[in-house]
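These notes are about the structure you will find just below.
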Amino acid sequence: MRVVTIDGPAGAGKSTVARRLAERLGWRLLDTGAMYRAVTLAAMRRGVDLESDEALGALARGLTVRFETTTVLLNGDDISGEIRTVEVTQASGSIADKPSVRATLVHWQRSFAESHDTITEGRDQGTIVFPDALCKIYLTASPQERARRRLAEFVGKGVKITFESVLHDINARDCRDQAREIAPMRPATDAIEYDSTGLSFDEVVERLEATIRDACNRSNS
Ligand code: C5P
-13 MRVVTIDGPA GAGKSTVARR LAERLGWRLL DTGAMYRAVT LAAMRRGVDL ESDEALGALA
47 RGLTVRFETT TVLLNGDDIS GEIRTVEVTQ ASGSIADKPS VRATLVHWQR SFAESHDTIT
107 EGRDQGTIVF PDALCKIYLT ASPQERARRR LAEFVGKGVK ITFESVLHDI NARDCRDQAR
167 EIAPMRPATD AIEYDSTGLS FDEVVERLEA TIRDACNRSN S
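In terms of our numbering, the sequence shown has 98 at position 112, counting the first letter as 1, and numbering is strictly consecutive.
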């Protein structure tokens, strides 16, 4: 099956852009951040030590995470809202640097893409999980722009939070994602980099759709 990867830092718009692209192309969307968030939530609920690679790996291997259009299901429960809280977001960083957790999630991700043409978004999709993807995109925007977008999302949900704290959180997550030893966030050497600063959502979607259709045409000919 065909795979397009979209990696990049927090708040670059990967999820919304990937969702729209998947709709337009008629492909399935894989939100890999939601998988890390689901494991984080399960660990918090069960009181598992967030620093124990072994305990978290065992936990992850026993979970079932499924996606149904806009909902994320953990062992059958809808957790779509709960995985987006500030607490889960902050704790997810220490889950994401555990090798046993990553091994399990990489396996889930590859299995998902075996049966569907897939747009997958995350941090390591082009570098580690799908090195032979049809097309690899690395989507960025300035930290200030990403913080503004995240703040608007929080305000829309009625969450009280300041611009400064959102920006601080984004910078901290970027550092952690780039510095981790396992699967650090970086563009694959053959990725196309897009800086979406100053571009509208529709402009980003249109440009990326053209890039992907072009890659599909080239692979068909
Ligand atoms: O993208 P999102 O903010 O939902 O990611 C949640 C967490 O999962 C972040 O801490 C991020 O670093 C991690 N992550 C990851 N690898 C991925 C996707 C997300 O380490 N492929």
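We treat Cβ as the ideally placed atom computed from N, Cα and C, and that holds for glycine.
- Asp35 has its alpha-carbon roughly 25 angstroms from the corresponding atom of Asp17.
- The alpha-carbon of Leu45 is positioned some 34 angstroms away from that of Ala138.
- For Gly62, the Cβ stays outside the 8 angstroms cut-off from all heavy atoms of the ligand C5P.
- Scanning its chain for C-beta atoms nearer than 7 angstroms, with the 5 sequence neighbours on each side dropped, one finds around Gln95 the residues Leu16, Thr18, Thr106 and Val115, in chain order.
- Membership of Asp181 in the beta strand (DSSP E) is indicated by the continuous run Ile178 to Asp181.
- Here the alpha carbon of Val145 sits roughly 32 angstroms from the alpha carbon of Pro173.
- A direct Cα-Cα distance of roughly 36 angstroms separates Arg32 from Lys122.
- Using a cutoff of 8 angstroms, the CB of Tyr180 does not count as near the ligand C5P, since none of the ligand's heavy atoms is closer than that.
- Across the structure, Phe98 and Ser66 are spaced so that their CA atoms are roughly 19 angstroms apart.
- In the DSSP annotation of this structure, the continuous segment of the alpha helix (DSSP H) that includes Glu139 starts and ends at Pro129 to Gly142.
- If you draw a 10 Å sphere on the C-beta of Ile(-8), you find 16 or more other C-beta atoms in it, and that means buried.
- The C-alpha of Val(-11) is placed about 14 angstroms away from the C-alpha of Asp110.
- Contact annotation, Val3 with Val152: C-beta distance approximately 19 angstroms; criterion of less than 8 angstroms not satisfied.
- Secondary structure remark: continuous alpha helix (DSSP H) runs of at least 4 residues inside the region -12 to 59, in chain order: 0 to 11, 18 to 32 and 39 to 47.
- Taken through DSSP and simplified to helix, strand or coil, Leu153 comes out as helix.
- Within the same chain, Cβ atoms closer than 7 angstroms to the Cβ of Ser205 are found at Leu120, the five residues on either side in sequence being excluded.
- Residue environment: Ala196 is assigned as exposed (fewer than 16 neighbouring CB atoms within 10 Å of its CB, all protein chains considered).
- In the DSSP annotation of this structure, the continuous segment of the alpha helix (DSSP H) that includes Thr90 starts and ends at Pro85 to Glu100.
- Annotation: Ala24 to Gly62 spans about 12 angstroms, alpha carbon to alpha carbon.
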